[in-house]
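K.L.:
Counted the way mature numbering (1 follows the signal peptide of the UniProt record, and there is no 0) counts, the sequence shown spans residues -21 to -1, 1 to 579. For glycine and all other residues, C-beta sits at the position ideal for the given N, C-alpha and C.
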Amino acid sequence: MKLLSKLTLAFCLFLSTGALAQQPVNMQYSVSMEKAAEHLYHVELSNKTHLKTLDFKMCVWTPGYYQLINFAGAVQNFTVTDAKGNALKFEKPTKDTWKVTNPTSGDVKIAYDVKAVVPFVGNVYLDETRAYITPGGLFMYLDEELRHPVTIQMKPYSKWNNLVATGLDTLKGQYHVYKAADFDVLYDSPFLMGELEVLPPFTVQNKPHNFIGYKLPAFDRQAFMDDLKKIVVTGSNIIGEIPYTHYTFLSIGAGGGGIEHLNSTSLSFSGGEGFNTPEARKRLYNFIAHEYFHHYNVKRIRPVELGPFDYSKENHTNMLWVSEGFTVYYEYMITRHAGLMSNEDMFGDFQNNLRNYENQPGHLYQSATQASYNTWDDGPNGRQGDDFNKTISYYDKGPILGLMLDFSIRQATQNKKTLDDVMRLLYYKYYKKLNRGFTEQEFRNECEKMAGIPLIEVFEYASTVKPPNYPKYFAYGGLAVDTVTRVVSQSWAGLNVRQQGDTLRINTVDYKSPAWDKGIRGRTAILSVDGTPATIEVLFKAFATKNSGDSLTLSLIKNGEKRDVTIVLGTLRQKTFKITPLPNPDKLQAAIFKSWTEGH
């Protein structure tokens, strides 16, 4: 308790900059959570205004998660008064807007509750053990104030310690009062409170880095923080400058997923589970490296469409294959160069990306730019659950495009320039000097200037479904990639199943597989396999005893209709995309391989 108290002061009492302090603050929030048992936040907003009509709005999405969320649906008990406490009239012209009539054009105060029952990294949650706030899900805004400073007074639940974990700075001399330069910064700065633990902090370039977690399980804290420091050092060395004054990793509880922010990242972190095996630990470190590097790539190095934001609708861009896909590329680079992954581990990750992309039908129909633009409808990993999925994931194609672009630049410049140089240029030129994002054409121009040659083919691979020449581009970096089609299974049905309790269910069916050709589709239950009650073990045993041309009879039920289907098993042929070093690289290939794998 004493340790937490000291760390709370160190963590919270960062000073706001003088520039911020000189700007008027018209939006002042106060958040309390004494109804934690009912999952209710109480929010009060004092607004200094001279407007007769005020449209208070809830966001329909949150930065870093490109999906619409019904935040407004969680709002309850909305009230509004003038400066004298008199009730003002309001109406709801849309589900996300509260239109207030303010006859005197004076200051107004609104109050409302938010029901927080979704324990997800992109939403708000509250119970008697923790509070996690995605600000876009809690704080209403006015269009007129989006680009102005805002303050937030946070009042943690009285049964907790006073620790408030966030990337925001506090106002000088004011405890638990935070200031954001504008709403883009506010909505990009989550809060975590409750039964929290602070792990041993570290500094990089004299900047403090904290890891604060909710109910962390048993694992070696110091060893983990030592490795986390390696990730931060290696990631920040790519750009050369750390732009924040402090950074916080917020571990919000068990689960999956993370969202990046300017000065922090929110992680669904299970701790001990992530250290059970070397493979699990590598996945965890890749995950953390990904979210950390995002504070450069997407938050500061960004497409022009990604900020300043419109929070009332989708913000489309064709460039998530760069913002997200290249961040996957750099997560591998960071963990490899930090000594947390071997070359073989890294090759395996790229191989998985290739297999996920190439062995699904979506690569024949959707480009990386289309996947980027359509993510609001399709989801970040493409549409899930379609019988025939014509979408891809930019998380799979993006890192491969990053690798090919990096190798192209290295090969064209005799290994004097790399993709790192492009990222640094984008950071210093567009973020720091021009204070904006880059356009698609500007991104391509900067890559081609760095390479000194046109990069027509690589950018065609991004904007079309043209099959990439993987061996050509991988060879630039001293790598061989196996693109020979080989037999993977001699008893292939094309069923992707899972055991759900006592029921064996078909999730999806491979396109043009034997099962597909028999009309079998996903969301179907298997009752029996060759007359034996179905379990996943029974099904796999049947596959193990059969060959191509043999029959497999399934009793199925879907939507209450039962039927028996006999499948003639086939042979599955795929490309493995196994990646290995070239056996006899030339001098340039060997040099690129060495510098690429070792980070020199």
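1) Going by alpha carbons, who is nearest to Y440 out of V212, H342, N102 and F367?
2) Determine the burial state of D385: buried for a count of at least 16 other Cβ atoms within 10 Å of its Cβ, exposed for fewer.
3) Within the same chain, show all residues whose beta-carbon is closer than 8 Å to that of L30, passing over the 5 residues directly before and after it, in chain order.
4) Short of 7 Å in beta carbon distance, which residues of its chain neighbour L405, apart from the five on each side in sequence? Order them along the chain.
5) Indicate the three-state DSSP secondary structure (helix, strand or coil) for K14 in the structure shown.
6) From which residue to which residue does the alpha helix (DSSP H) around S137 run?
7) Tell me which same chain residues have a C-beta within less than 8 Å of the C-beta of S530, skipping the five on either side of it?
8) Could you pull the start and end residues of the alpha helix (DSSP H) that S574 belongs to?
9) To which residues of the same chain is T213 closer than 6 Å at the C-beta, ignoring the five residues directly before and after it?
10) Would you mind stating whether N360 and S372 have Cβ atoms separated by less than 8 Å?
11) Run the CB neighbour count on F519, radius 10 Å, all protein chains shown included, and call it buried at 16 or more, exposed below.
12) Go ahead and label I432 buried or exposed: buried means 16 or more other beta carbons lie within 10 angstroms of its beta carbon, across all protein chains shown.
13) With a cut-off of 8 Å, does the C-beta of D199 fall near any C-beta of chain D?
14) What are the partner residues of V547, as DSSP defines its beta bridges?
15) Only counting the same chain, and skipping five residues up and downstream in sequence, which positions put a Cβ closer than 7 Å to that of T348?
16) Rounded to whole angstroms, what's the CA-CA distance from N538 to K525? Just pull it up for me.
17) Looking at the secondary structure, which residues open and close the alpha helix (DSSP H) in which V211 lies?
18) Identify the residues that DSSP records as bridge partners of M383: which are they?
19) Mapping DSSP to helix, strand and coil, what is Q420?
20) Looking at the structure shown, is I280 part of a helix, part of a strand, or coil, going by DSSP?
21) Kindly list the residues whose CB is nearer than 7 Å to the CB of D324, restricted to its own chain and excluding five residues on each side of it in sequence; keep chain order.
22) What's the gap between the Cα of N49 and the Cα of V39?
23) Starting from the C-beta of Q201, find all residues in its chain whose C-beta is less than 7 Å away, skip the five residues before and the five after it, and write them out in chain order.
24) Output yes or no for whether 8 Å exceeds the beta carbon distance between D167 and P128.
25) According to DSSP, is I432 part of a helix, a strand, or is it coil?
26) Helix, strand or coil for F162? Go by DSSP, reduced to three states.
27) Would you kindly work out how many angstroms separate the C-alpha atoms of K451 and K408, rounded to a whole number?
28) Below 6 Å CB to CB, which residues in the same chain sit around Y223 once its five sequence neighbours on both sides are set aside?
29) In its own chain, which residues sit with a C-beta less than 6 Å from the C-beta of S468, not counting the 5 before and 5 after it?
30) What does a CB cutoff of less than 7 Å around D375 pick up in its chain, not counting 5 residues either side in sequence?
31) Assuming I221 and K186 form a contact by the criterion Cβ under 8 Å, report the distance between their Cβ atoms to the nearest whole angstrom.
32) Less than 8 Å separating the beta-carbons of M119 and M37?
33) Quick one: is Y344 buried, meaning 16 or more other Cβ sit within 10 Å of its Cβ, or exposed?
34) Measuring only the C-alpha atoms, how far is I558 from W575?
35) Expressed to the nearest angstrom, what Euclidean distance is found between the alpha-carbon atoms of T256 and G192?
P.N.:
The relevant details are as follows:
1) Locating residue 440 in the sequence shown gives position 461, counting from the first residue. If we check each option's Cα against that of Y440, H342 comes out closest.
2) Here the question's residue 385 lines up with position 406 in the sequence shown. With 16 or more other CB atoms across the displayed protein chains lying within 10 angstroms of its CB, D385 is buried.
3) By 1-based counting over the sequence shown, the position of residue 30 is 51. Around L30: N81, S84 and E123.
4) As a position in the sequence shown, residue 405 is number 426, starting the count at 1. Correct list, in chain order: I280, F417 and E425.
5) Residue mapping note: residue 14 aligns to position 35 of the sequence shown, counting from 1. DSSP, read as helix, strand or coil, puts K14 in strand.
6) The sequence position of residue 137 within the sequence shown is 158, counting from 1. Unbroken run through S137: none, as it is neither H nor E.
7) The sequence position of residue 530 within the sequence shown is 551, counting from 1. Here the set comprises T545, I546, V547 and L548.
8) Counting from one through the sequence shown, the residue named residue 574 turns up at place 595. First-last of the alpha helix (DSSP H) with S574: K566 to E577.
9) As a position in the sequence shown, residue 213 is number 234, starting the count at 1. Correct list, in chain order: I313, H316 and A317.
10) Numbered from its first residue, the sequence shown carries residue 360 at position 381. Numbered from its first residue, the sequence shown carries residue 372 at position 393. In contact: N360 and S372 (Cβ atoms closer than 8 Å).
11) Against the sequence shown, residue 519 aligns to sequence position 540. The residue is exposed, with fewer than 16 neighbouring Cβ atoms inside 10 Å.
12) For the purposes of this step, residue 432 is taken as the residue at position 453 of the sequence shown. By the neighbour-count definition (other C-beta atoms within 10 Å, threshold 16), I432 is an exposed residue.
13) Any reference to chain D falls outside this structure, which holds one protein chain only.
14) Within the sequence shown, residue 547 is the residue found at index 568, counting from 1. Note: V547 sits in a beta bridge opposite S530.
15) On the sequence shown, position 369 is the one that residue 348 refers to. Hits under 7 Å: N297, W300, A441 and S442.
16) Here residue 538 is taken as the residue at index 559 of the sequence shown, counted from 1. Here residue 525 is taken as the residue at index 546 of the sequence shown, counted from 1. Going by the C-alpha atoms only, they are around 30 Å apart.
17) Within the sequence shown, residue 211 is the residue found at index 232, counting from 1. V211 -> alpha helix (DSSP H) spans R200 to I218.
18) Looking up residue 383 in the sequence shown gives position 404. Bridge partners of M383: none, in fact.
19) In the sequence shown, the residue the question calls residue 420 occupies position 441. In this structure, Q420 counts as helix in the three-state DSSP scheme.
20) As a first step, residue 280 is located in the sequence shown; it is residue number 301 there, counting from the start. Here I280 sits in strand by DSSP.
21) Your numbering for residue 324 matches position 345 in the sequence shown. Cβ within range, chain order: K261.
22) As a first step, residue 49 must be located in the sequence shown, where it is residue number 70. As a first step, residue 39 must be located in the sequence shown, where it is residue number 60. So the alpha carbons of these two residues sit roughly 6 Å apart.
23) As a working note, residue 201 is residue 222 in the sequence shown. For Q201, where only same-chain residues beyond five positions count, the Cβ hits under 7 Å are P179.
24) Looking up residue 167 in the sequence shown gives position 188. Looking up residue 128 in the sequence shown gives position 149. For the pair D167 and P128, the CB atoms are not nearer than the 8 Å cut-off.
25) Counted from its first residue, the sequence shown places residue 432 at position 453. Coil at I432, not helix or strand.
26) Position 183 of the sequence shown holds residue 162. In the structure shown, F162 falls within a helical segment according to DSSP collapsed to helix, strand and coil.
27) Taking the first residue of the sequence shown as position 1, residue 451 is located at position 472. Taking the first residue of the sequence shown as position 1, residue 408 is located at position 429. Between the alpha carbons of K451 and K408 lies a distance of about 32 Å.
28) Along the sequence shown, one-based indexing puts residue 223 at 244. If we look at Y223 and ignore the five residues flanking it on each side, its Cβ neighbours are N242.
29) The residue you call residue 468 lines up with position 489 of the sequence shown. Non-local beta-carbon contacts of S468 in its own chain, meaning distances under 6 Å to residues more than five positions away in sequence, involve L551 in chain order.
30) Here residue 375 refers to the residue found at position 396 of the sequence shown. Same-chain partners within the cutoff: N332, N335 and Y336.
31) Taking the sequence shown and counting its residues from 1, one reaches residue 221 at position 242. Taking the sequence shown and counting its residues from 1, one reaches residue 186 at position 207. Right, their Cβ atoms sit about 5 Å apart.
32) Residue 119 sits at position 140 when you count from the first residue of the sequence shown. Residue 37 sits at position 58 when you count from the first residue of the sequence shown. Yes. Within cutoff.
33) Taking the sequence shown and counting its residues from 1, the one referred to as residue 344 is at position 365. With fewer than 16 Cβ atoms within 10 Å of its Cβ, Y344 is classed as exposed.
34) Looking up residue 558 in the sequence shown gives position 579. Looking up residue 575 in the sequence shown gives position 596. Taking C-alpha positions only, I558 is separated from W575 by approximately 15 Å.
35) Mapped onto the sequence shown, residue 256 falls at position 277. Mapped onto the sequence shown, residue 192 falls at position 213. Between T256 and G192, the C-alpha separation is close to 21 Å.
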